[in-house]
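Per the working numbering, the very first residue in the sequence shown carries number 13; after that it's consecutive.
Take a look at the structure set out below.
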Amino acid sequence: MLMLAEEHGATGHVVSCLHDLEVKVVPPEISQSLADRQRAQIFLAMRLIAELLRILESFASEGIAALVIKGPVLAVRAYANPARRSYGDLDLLVRHRDVRRATELMIAGGFAPAIPLSAIDAGKIPGQYLFSKPDSKLIVELHNDRTLRYFPRQLPLEEFFARQVRVKLDAREVPALSVEDELVLICVHGAKHFWERLMWVADVAGLVTRETGIDWGRVADLAKALGAERMLHAGLHLATNVLGAQMPRKAQATVKADAAAARLADQVCKWLPAAGWAPPSLFQRALFRMRMRGDFISGTAYLLRLSLSPTEEDWNADPEGKRHGILGALHRPFRLAGKYGRVGKT
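Okay, here's the thing in structure tokens:
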């Protein structure tokens, strides 16, 4: 159970549920192990929040706007506790024009970039701009409308910035997405990862349960504009049917009316208990991606775009840059087949 809780990112939830039991049924040694793991997450959350505040101050000093996504902000919104949610990195949304200067500031702050300045200058677009500190486990990822390629259509980044709100973390307010934008984002993120971890379902359930002022019309409009309606509906279907999340009747009726989303959610439930140790096959992954986009034409176009768009992993597989343009795009499916054709986690 402990291993599954950790794999699902649900240790905090397990600790909370066991703590609320009137009868103590957990052996002392297990209780101690859970307490130790939760304490480690609390300390990590404190370090991450401190680093986040420092990064935001550094960016602000150079006029770089950033929005915090997922991480501690989502933990506060969904669970009212930045340490309840298991996360080990920080995610920030920035404008593409600010990526280079932001990278310079991250380097000055002691972070090592996975994407060098030379790649940025060459116009290469990775899946994310990842930074790590060699002397710690701190990881920061910068995203923008060009890197978040799992969204069927390009993000309306300026609209996200225009709708931003402030969320209190450790007595400080940080810039974040509106709750409606965050909800759509985490549903697309869960779909990207095939909802293999229970924490992603719990995030959706917690968000829609605690944030009672959600503008569901705006949520629907954004999902439609992004071509992510089925991804949203599948995420909400999982949240309500797996974890009992409550939504307004009209929103619930819309989700129930999407029979294809319900079938996707049922498919997820077959591999969800394994927490990624029995992942969908390569064919299942491709079919799932097509179906979560919607109709056959849109789904095929979406799958092809994801399959043929090189990322930093493809650059690393071709360090001498011998495969340019169409050659690089055609090689990517073979690399993905080798990566995901294996069974289980590595």
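We put the beta carbon where it would ideally sit given N, CA and C, even for glycine.
Which whole-angstrom value describes the C-beta separation of residue i and residue j, a residue pair presumed to lie in contact below a C-beta threshold of 8 Å?
| i | j | result |
| --- | --- | --- |
| F300 | F163 | That pair is no contact at about 16 Å. |
| L154 | Y141 | 4 Å |
| L102 | L65 | Wrong, their Cβ atoms sit about 11 Å apart, outside the cutoff. |
| R242 | D270 | 7 Å |
| G121 | I67 | 7 Å |
| A95 | A57 | 4 Å |
| F10 | A114 | Outside the displayed span of the chain (13 to 358) sits residue 10, for which this structure offers no information. |
| A251 | V200 | About 14 Å; that fails the 8 Å criterion. |
If you reduce the DSSP assignment to three classes, tell me which class residue i lands in.
| i | result |
| --- | --- |
| I81 | strand |
| I137 | coil |
| S73 | helix |
| P285 | helix |
| E116 | helix |
| A246 | helix |
| L299 | helix |
| S4 | No answer is possible for residue 4: it lies beyond the span of the chain, which begins at 13 and ends at 358. |
| V355 | Model confidence at V355 stands at a pLDDT of 49, short of 50, so the residue's coordinates are unreliable; what they give is reported in the following sentence. The answer is coil: DSSP assigns V355 none of H, G, I, E or B. |
| H108 | helix |
| L234 | helix |
| A7 | Nothing can be reported for residue 7: it is not among the residues displayed for the chain, which extend from 13 to 358. |
| S310 | helix |
| L102 | strand |
| E223 | coil |
| L167 | coil |
| A124 | strand |
| S130 | helix |
| R96 | coil |
| L150 | coil |
| L86 | helix |
Can you list, in chain order, the residues of its chain with a C-beta nearer than 8 Å to that of residue i? Leave out the 5 residues immediately preceding and following it.
| i | result |
| --- | --- |
| A124 | F143, S144, K145 and P146 |
| L111 | For the sequence presented, residue 111 should be read as Val rather than Leu. So the qualifying residues of the chain are I132, Y141, L154 and N156. |
With a CB to CB cut of under 6 Å and the five nearest residues on each side skipped, what residues in its chain are close to residue i?
| i | result |
| --- | --- |
| E208 | G288 |
| H108 | N156 and R158 |
| T266 | none |
| Y99 | G83 |
| D182 | I61 |
| L105 | L79, I81 and H155 |
| G306 | R242 |
Hey, is residue i close to the ligand GTP, as in C-beta under 7 Å from one of its heavy atoms?
| i | result |
| --- | --- |
| F55 | As presented, the structure is devoid of all ligands, the ligand GTP included, so that no description of it is given. |
Whose C-beta lies closer than 7 Å to the C-beta of residue i among residues of the same chain, with five residues either side of it excluded?
| i | result |
| --- | --- |
| L189 | L79, I81, F172, Q176 and L197 |
| V38 | L30 |
| K149 | G100 |
| Q166 | D157 |
| L16 | A287 |
Using a Cβ-Cβ cut-off of 8 Å, state whether residue i counts as contacting chain E.
| i | result |
| --- | --- |
| L189 | Absent from the structure: chain E. Only one protein chain is present. |
How do the stretch 46-57 and the stretch 16-26 stand: do at least 3 beta-carbon pairs fall below 8 Å, yes or no?
-> Cβ pair count under 8 Å is three or more, so yes.
Give, in chain order, every unbroken run of the alpha helix (DSSP H) that is at least 4 residues long and sits entirely within the stretch 170-220.
-> Qualifying alpha helix (DSSP H) stretches, in chain order: 191-204.
Which runs of the alpha helix (DSSP H), 4 residues or longer, sit entirely within the stretch 23-55?
-> Listed in chain order, the alpha helix (DSSP H) runs fully inside the stretch 23-55 are 23-31, counting runs of at least 4 residues.
Does the pairing of the stretch 83-92 with the stretch 41-48 give three or more beta-carbon distances under 8 Å?
-> The stretch 83-92, when compared against the stretch 41-48, does not touch it at the 8 Å Cβ threshold.
Three or more C-beta pairs closer than 8 Å, one from the stretch 223-239 and one from the stretch 181-188: is that the case here?
-> The stretch 223-239 is not in contact with the stretch 181-188.
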